[in-house]
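Everything on this sheet refers to the single structure shown next.
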Amino acid sequence: MDYLLNTYARFDVAFIRGENATLWDRDENDYIDFTSGIGVVSVGHANVRLANAICDQANRIIHISNLFRIPPQEKLAEMLIVRSPMEEGGVFFCNSGAEANETALKIARKYGEVNGEIKRYKVITLENSFHGRTISTLKATGQPKFHQYFGPFPDGFDYAKDIDDIYNKIDDKTIAVMIELIQGEGGVNPFDMEKVQKLERELRKRDILLIVDEVQTGIYRTGEFLASNLYNITPDIITLAKGLGGGVPIGAVLTSLTDVLKPGDHGSTFGGNYLSTRAGIEVLYILDEYYKSGQLKETIEYFDNKLVEIAKEFPSLFDSVSGYGLMKALKAHTAEIRDEVVKKCFENRVLVLKAGEKSVRFLPPLTITQAEMDEGFDRMKNAINSLLESEKCEK
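Using the working numbering, you'd call the opening residue of the sequence shown number 2 and step up by one each time.
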């Protein structure tokens, strides 16, 4: 690690192999993974079908450039639009969620121009949101702690306290509202469906674009293909990444505004290459089967019941369960409790995440088995009991 920049607070473990929601370290200790690489490994570690698709594509073409047609890119674009709420639209492929959100902002800003003159440019986001770590997406993120360095930031962003407050922020310079339907990094906080549906209708009346950041909620994470499907809305722009490639870096922007960007306005060297889009196609095939068979629904219900059980068993530590699908959180009473729970879980070889002020976040592979869930939650209970026991000893 001597040659790596100190940008991550890493746990002192190195995994050497995985199988679905189970990982093994160098000493062959097994861990249950309730994080899936922060919502990325949607079809599990070492998924045989995904690995075979990647290997097959690597033996043909990995990359050329977007100067030429790329058949799997065209196929994946069609699959995304057909499964989305959009009746028709276009897709731009990139490499990450931050890049996808940058693209969405560029589309909105250009849409706000008239004959090359800037007319409307302001983008409203929400407090406690997270949209990425590039300069623009950091500024779009409604958390002051992300604005401490790296200035000066681009202008034209404003932050609403909640959905209701968005209307107070709209003026004649507003071109778009950008939201997560469930704030992930902000603590796994879903917004009220009726309020979001009303917002969509009001924005459409005013010709203000609705951008929905589905980097974390997309690709069946909430139980439907997109959280936008779950909320029964049709955004003007949707951004995707994380679970789309099953671990292969990929981002995507879906939009009904197919005539805004022209050749030369935007681009990506690696975005949508043969390897990443072939991986995306296979991930969708796998998860389509899980969804249609009812297996995904069963997994979600089982996982949710396990979480509720934890919350009820340890009311001195947790308030409630939040989230949809397999994007869930246990709301701890304090940040200190949350941090100790995450630490103790790691010591008991079950991986969970922090989010927001005091949330223990869960983003397991969508293909996680009941046996893996049982083992993971048993270990979590052991971790919590050891925490409570240590607190008794200290008293």
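Glycine included, every Cβ here is placed at the ideal spot set by N, Cα and C.
query	result
Burial state of phenylalanine 304, where buried means 16 or more other Cβ atoms lie within 10 Å	buried
Short Cβ contact (8 Å threshold) for arginine 50 with isoleucine 287	yes
Distance CB(isoleucine 171)-CB(isoleucine 209) smaller than 8 Å	yes
Residue interval of the beta strand (DSSP E) (run including methionine 179)	175 to 180
Supposed contact pair glycine 38 and glycine 248 - C-beta distance, whole angstroms, cut 8 Å	7 Å
Proximal residues to valine 284 (C-beta, below 8 Å), its chain only, five neighbours per side dropped	Ser43, Val44, Leu51, Ile220, Gly244, Leu245, Gly246 and Gly247
Cα-Cα separation, threonine 104 to glycine 272	12 Å
Rounded C-alpha distance that separates proline 250 from serine 97	6 Å
Exposed unless 16 or more other CB atoms sit within 10 angstroms - verdict on histidine 101	With the sequence shown as reference, residue 101 is identified as alanine, and histidine is not the correct amino acid for it. It counts as buried.
Backbone CA spacing between isoleucine 212 and isoleucine 180 [nearest angstrom]	6 Å
Beta-ladder partner(s) of aspartate 31, from DSSP	Trp25
Contact under 8 Å by Cβ, lysine 355 with arginine 380	no
According to DSSP, residues forming a beta bridge with asparagine 190	Gln184
From Asp237, Gly185 and Phe226, residue whose alpha carbon lies closest to that of lysine 206	Asp237
Lysine 140, DSSP secondary structure in three states	helix
Cutoff 8 Å; reference serine 360; Cβ partners in own chain excluding five residues on either side	Gly188, Val189, Ser323, Ala330, Leu331, Lys332, Ala333 and Arg339
For tyrosine 325, the three-state DSSP class (helix, strand or coil)	strand
Cβ pair phenylalanine 1, phenylalanine 35 closer than 8 Å	In the structure as shown, the chain starts at 2 and stops at 396, and residue 1 therefore has no counterpart that could be examined.
CB contact flag (valine 124, alanine 99, <8 Å)	no
Minimum C-alpha distance to cysteine 56 - residue among Leu276, Asp28 and Thr126	Leu276
Coil, strand or helix - alanine 312 by DSSP	helix
Residue ranges of each alpha helix (DSSP H) within the stretch 220 to 288, 4 or longer	228 to 232
Distance between glutamate 225 and leucine 182 (C-alpha atoms, nearest Å)	13 Å
Inter-residue Cα distance where the pair is serine 294 and threonine 370	15 Å
Residue environment, glutamine 198, which counts as buried when at least 16 other CB atoms sit within 10 Å	exposed
Same chain, Cβ closer than 6 Å to lysine 382, neighbours up to 5 away in sequence not counted	none
CB of leucine 127 within 8 Å of CB of glycine 143, strictly	yes
Contact check, phenylalanine 401 vs phenylalanine 347, beta carbons under 8 Å	Residue 401 lies beyond the range of the chain shown here (2 to 396); nothing can be said about it.
Per-residue DSSP class, three states only, for valine 351	strand
Pairwise C-alpha distance: valine 92 and valine 178	20 Å
Sequence ranges, beta strand (DSSP E) only - wholly within the stretch 66 to 99, length at least 3	91 to 95
Cβ-Cβ distance between leucine 308 and lysine 345 below 8 Å	no
Anticipated Cβ contact below 8 Å, arginine 202 with glutamine 58, distance rounded	That belief does not hold up - the Cβ atoms of arginine 202 and glutamine 58 are roughly 42 Å apart, past 8 Å.
Contact under 8 Å by Cβ, threonine 235 with tyrosine 291	no
Proximity test, Cβ basis, 8 Å: tyrosine 160 and chain B	Here there is only one protein chain, and chain B is not present.
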